[in-house]
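Written out below as structure tokens is the structure these notes cover.
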Amino acid sequence: MTISSDTRVVVLHAEDAPMPGVASPGTHQRYRQPHLSLEERRLGQLADHNVRVEMMYAGVCGTDLHRVQTDSETGYVLTSAPASIPARGRILGHEGVGRVVETGNSVQYLRPGDVVAFESIHVCRQCRPCLRGNYNQCHEATLVGMQEEGLFGTIVDLPAALAHDVSAISDSDAGLRAAACLEPAGVALLACESLPIRAGDRVLVCGGGPIGIYCAMLCCLAFHASEVILIEPIAARRKVAQSWCTTFPDIHSWLEMDGMDIDVLIEASGSLDNVRLAFPRIAANGRVSLLARGGMPLHIDTVDHMITQAISIHGSRGHLGGLFPRVMDLYQAGLMPLDAIVTGVLPGIEALHAALLAPGDIAKNHCKVLARLGD
24 MTISSDTRVV VLHAEDAPMP GVASPGTHQR YRQPHLSLEE RRLGQLADHN
74 VRVEMMYAGV CGTDLHRVQT DSETGYVLTS APASIPARGR ILGHEGVGRV
124 VETGNSVQYL RPGDVVAFES IHVCRQCRPC LRGNYNQCHE ATLVGMQEEG
174 LFGTIVDLPA ALAHDVSAIS DSDAGLRAAA CLEPAGVALL ACESLPIRAG
224 DRVLVCGGGP IGIYCAMLCC LAFHASEVIL IEPIAARRKV AQSWCTTFPD
274 IHSWLEMDGM DIDVLIEASG SLDNVRLAFP RIAANGRVSL LARGGMPLHI
324 DTVDHMITQA ISIHGSRGHL GGLFPRVMDL YQAGLMPLDA IVTGVLPGIE
374 ALHAALLAPG DIAKNHCKVL ARLGD
């Protein structure tokens, strides 16, 4: 029998006003004047395939920040990631860990008391990419906290198919924090493997947010890169990355340095001009991975260099396909210290709501911020 539950949630509201003259507006061309509310809601009947979870930790992602930040001239939100904001608002959040309090009638492999972390991409398993095993490219995918209700709540209902039992790493507070970071860590692992990173590679990472630093961490510890260079303007983030990166120049000073060309460029900052500037320094058979969304075009001036040196560029999205268990294995082996990037913990749902009202402060002073929503 379903237990009626009250929950407190952080909800995003925005004006749905597509830009005039834009044929297929993205999120950053559709929603403007965002505002947040902290609301109490009643959870009703639990769907058969869902689990009801008391959240323990939730992670704040750059996408969450960009949904409440706006272009100073237009008032439209900054993120170009797929999103829908209905009239009643959208519960934010797509990273986190919690304890199952109830399971739907059709859920057989989870039970109350289990500690779970969530994937954030809900796929159809019927479209051509899904049937070929390419779940991250599902044509019908919906994103938790973006197109479905998210994890920024004291109690949440989510599809059981998205839940991973993380009991193996959740026996301590550090383990719970690590579990809350599985989603961005999975994104980083997929990007590194897709490139791929090879032992001895020289790697340039642009952007020292959670995904960028996880990429640097993996390049150093798991893939044995010979050099990892991080382009990141925020000192607090550079400090977090010191254990895994060789140098921390800005893009222009790096271009002036004498040294070997890079084999790999990982773009995790959203500033695509870094790719244009660094491109002539990419070595033969070099690889470029684009991870950060900004809705802006990519310009490459040196296409002849790209052709002659057989340089490849690809986008990387998602964390599906068995990555969560492998990230946990890397964490347990000491090759991916997930909780090492956590630079702040917010004490409760009220503090999370308040922090999101000043998103720029989070971005300027932290790498990964978690909110502790329950015990």
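Residues in the sequence shown are numbered consecutively from 24, following this note's numbering. In this text, a Cβ means the ideal position worked out from N, Cα and C, and glycines have one as well.
Selection from the options that minimises the alpha carbon distance to residue i
i: residue 219; options: 126, 35, 308 and 369; result: 308
i: residue 188; options: 141, 148, 212 and 178; result: 141
i: residue 292; options: 49, 312, 358 and 393; result: 312
i: residue 366; options: 347, 360, 389 and 310; result: 389
i: residue 68; options: 232, 47, 105 and 29; result: 29
i: residue 329; options: 302, 353, 260 and 354; result: 302
i: residue 382; options: 101, 298 and 281; result: 101
i: residue 120; options: 253, 344, 195 and 61; result: 195
i: residue 375; options: 239, 318, 50 and 62; result: 62
i: residue 350; options: 335, 224, 241 and 384; result: 241
i: residue 176; options: 347, 81 and 239; result: 81
i: residue 228; options: 203, 190, 269 and 209; result: 269
i: residue 209; options: 223, 233 and 386; result: 233
Supposed close pair residue i, residue j - CB separation, criterion 8 Å
i: residue 143; j: residue 217; result: That pair is no contact at about 18 Å.
i: residue 267; j: residue 251; result: 6 Å
i: residue 114; j: residue 39; result: Going by Cβ atoms, the distance from residue 114 to residue 39 rounds to 17 Å, so no, they are not a contact pair.
i: residue 230; j: residue 206; result: Wrong, their Cβ atoms sit about 17 Å apart, outside the cutoff.
i: residue 284; j: residue 306; result: 4 Å
i: residue 32; j: residue 55; result: About 22 Å; that fails the 8 Å criterion.
i: residue 57; j: residue 93; result: 7 Å
i: residue 197; j: residue 87; result: Rounded, the Cβ-Cβ distance is 23 Å, inconsistent with contact.
i: residue 212; j: residue 346; result: 5 Å
Limits of the unbroken alpha helix (DSSP H) element including residue i
i: residue 330; result: 326-331
i: residue 388; result: 382-388
i: residue 334; result: Per DSSP, residue 334 belongs to no alpha helix (DSSP H) and is neither H nor E.
i: residue 352; result: 346-355
i: residue 152; result: 151-154
i: residue 288; result: Run containing residue 288: none in the alpha helix (DSSP H); it sits in the beta strand (DSSP E), 285-290.
i: residue 301; result: 296-301
i: residue 82; result: No alpha helix (DSSP H) contains residue 82, which is instead part of the beta strand (DSSP E) from 73-83.
i: residue 263; result: 258-263
Endpoints, beta strand (DSSP E) assigned at residue i
i: residue 253; result: 250-254
i: residue 159; result: Looking at the DSSP string, residue 159 is not in any beta strand (DSSP E), and its letter there is neither H nor E.
i: residue 40; result: It is not in any beta strand (DSSP E) - residue 40 carries neither H nor E in the DSSP assignment.
i: residue 189; result: Element bounds for residue 189: n/a, residue is neither H nor E.
i: residue 58; result: 54-66
i: residue 375; result: Note, residue 375: premise wrong, no beta strand (DSSP E); alpha helix (DSSP H) at 372-379.
i: residue 279; result: Note, residue 279: premise wrong, no beta strand (DSSP E); alpha helix (DSSP H) at 274-279.
i: residue 316; result: That residue, residue 316, is in no beta strand (DSSP E); it is neither H nor E in DSSP.
i: residue 340; result: Taken as a continuous stretch (DSSP letters only), residue 340 belongs to no beta strand (DSSP E), as it is neither H nor E.
i: residue 180; result: 178-182
i: residue 394; result: 391-395
Minimum Cβ-Cβ distance from residue i to chain B less than 8 Å
i: residue 193; result: Among the protein chains of the structure shown there is no chain B, as only one such chain exists.
Burial state of residue i (16 or more Cβ within 10 Å)
i: residue 193; result: buried
i: residue 42; result: exposed
i: residue 286; result: buried
i: residue 45; result: exposed
i: residue 24; result: Reliability of the predicted coordinates at residue 24 is poor, the pLDDT of 46 falling under 50, and no value is obtained from them.
i: residue 369; result: buried
i: residue 354; result: buried
i: residue 132; result: exposed
i: residue 391; result: buried
i: residue 201; result: buried
i: residue 356; result: exposed
i: residue 326; result: exposed
i: residue 135; result: exposed
i: residue 51; result: buried
Query raised in the report: Curious, which full-length alpha helix (DSSP H) runs of at least 4 residues does the segment 204-236 contain?
Result: 205-217
Query raised in the report: Going along the chain, which unbroken runs of the beta strand (DSSP E) with 3 or more residues stay wholly within the segment 98-146?
Result: Here the runs fully enclosed are 118-126 and 138-141.
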